[in-house]
Amino acid sequence: MTAIARVLSRVSGTQVDVEILKTIAMFCGVGLFVSLLLATYGLDLSAGFF
């Protein structure tokens, strides 16, 4: 995680905090989990649903 923060700070020229990256990664993981859960549950959000 620290290596990613270093690369991002070198590329963008701004200071990137490791805790912010961890928080973003956790939210992305939760979103992915919920998406997979809904996909396996079989929730149909196609045009016929509305």
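With the sequence shown counted from 1, adding 795 to any position gets you the numbering used here. Virtual Cβ for every residue (Gly too), placed ideally from N, Cα, C.
- The Cβ atoms of Leu827 and Ile799 lie no closer than 8 angstroms to each other.
- In this structure, the straight-line span from the alpha carbon of Met821 to that of Tyr836 is close to 22 angstroms.
- Where Ala842 is concerned, there is no enclosing alpha helix (DSSP H), because DSSP gives it neither an H nor an E.
- For the pair Val802 and Glu814, the Cα-to-Cα distance works out to about 15 angstroms.
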